[in-house]
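Trainee:
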Amino acid sequence: MSKRYARAHREPWLLVTSLTSTNTAEYAVNIYRQRMQIEENFRDTKCTRYGFGLKESLSRSPQRMSILLLIAAISTFACWLAGIFTKRKGYASSFQAHSSKFTNILSLVYLGREALKKGISLKVKQFQNLLPLLSELNATTQTPTTVFL
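Residue numbering for the sequence shown follows the working numbering, beginning at 25 and increasing consecutively.
1. Can you give the Cα-Cα distance for Cys-71 and Gly-136, rounded to whole angstroms?
2. How should Phe-66 be labelled, buried or exposed, when 16 other C-beta atoms within 10 angstroms of its C-beta is the threshold for buried?
3. Once DSSP output is grouped into helix, strand and coil, what is the label at Glu-35?
4. Can you have a look at Ser-131 and say buried or exposed, based on whether 16 or more other CB atoms are within 10 angstroms of its CB?
5. Between Gly-75 and the rest of its own chain, which residues show a CB-CB distance below 7 Å, the 5 nearest in sequence each way excluded?
6. DSSP on Val-40, reduced to helix/strand/coil?
7. Tell me the DSSP secondary structure of Phe-151 in three-state form.
8. Since Ala-139 contacts Thr-110 with CB under 8 Å, what's their CB separation in whole angstroms?
9. Measure the alpha-carbon distance for Ser-117 versus Leu-154 and round it to whole angstroms.
10. What are the start and end residues of each continuous alpha helix (DSSP H) run of 4 or more residues lying completely inside the segment 86–120, in chain order?
11. Are the beta-carbon atoms belonging to Met-55 and Ala-106 less than 8 Å from one another?
12. Is the Cβ of Cys-103 closer than 8 Å to any Cβ of chain B?
13. Buried or exposed for Tyr-51, please, with buried defined as at least 16 other CB atoms from any protein chain shown within 10 angstroms of its CB.
14. By how many angstroms is the C-alpha of Glu-35 removed from the C-alpha of Leu-173?
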């Protein structure tokens, strides 16, 4: 498994795990990939540079923080859909550095946020076509397998 990933990436992963020997290397990689997506989501929510800047709110009220988290969740969902749309339409490379145009280095949420900031438009029909893709997603992939836009 690591040789396959080594061919696709410049630096292969070396993962140490406490999983039992009955679990495969692919299973461990999928768990780690899912964890990294969760970490990206926290970054996209908290960080001012890459996300919504929730840490800048300085809110101490649990009720206010709940409302801010709800707004961030809705915004994250919208950006995520815009990111899928941007990637599927082939526009993702215009948001990445020239040296990384052929690899996925941006989270879908960040990609969608940047695309929305640049004024990408998503028609109602295109938006409706993205919604069924939610059921296609699984822990092993960040992007749905098919989309018709």
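Idealized CB from N, CA, C, for every residue including glycine. None of the values given here were measured: they were computed from a predicted structure.
Mentor: Reading off the structure:
1. Residue numbering aside, residue 71 sits at position 47 when the sequence shown is read from its first letter. Residue numbering aside, residue 136 sits at position 112 when the sequence shown is read from its first letter. When rounded, the distance between both Cα atoms is 16 Å.
2. As a working mapping, residue 66 is identified with position 42 in the sequence shown. It counts as exposed.
3. The count along the sequence shown starts at 1 and reaches residue 35 at position 11. Note: Glu-35 maps to coil in three-state DSSP.
4. The residue you call residue 131 lines up with position 107 of the sequence shown. Buried, since its Cβ has 16 or more Cβ neighbours within 10 Å.
5. Position 51 of the sequence shown, counted from the first residue, corresponds to residue 75. Excluding positions up to five away in sequence, the list reads Arg-67, Asp-68 and Thr-69.
6. Position 16 of the sequence shown, counted from the first residue, corresponds to residue 40. If DSSP states are grouped into helix, strand and coil, Val-40 belongs with coil.
7. Locating residue 151 in the sequence shown gives position 127, counting from the first residue. If DSSP states are grouped into helix, strand and coil, Phe-151 belongs with the helices.
8. Residue numbering aside, residue 139 sits at position 115 when the sequence shown is read from its first letter. Residue numbering aside, residue 110 sits at position 86 when the sequence shown is read from its first letter. Going by Cβ atoms, the distance from Ala-139 to Thr-110 rounds to 4 Å, so yes, they are a contact pair.
9. The residue labelled residue 117 in the question sits at position 93 within the sequence shown. The residue labelled residue 154 in the question sits at position 130 within the sequence shown. Distance between the alpha carbons of Ser-117 and Leu-154: 20 Å.
10. 86–112
11. The sequence position of residue 55 within the sequence shown is 31, counting from 1. The sequence position of residue 106 within the sequence shown is 82, counting from 1. A quick correction: the sequence has Ile, not Met, at residue 55. Not closer than 8 Å, so no.
12. Looking for chain B here will not work: only one protein chain is present.
13. Position 27 of the sequence shown, counted from the start, is the residue given in the question as residue 51. Burial call: exposed.
14. Numbered from its first residue, the sequence shown carries residue 173 at position 149. Numbered from its first residue, the sequence shown carries residue 35 at position 11. Since pLDDT at Leu-173 reaches only 40, below the 50 mark, its modelled position is unreliable, and no value is offered.
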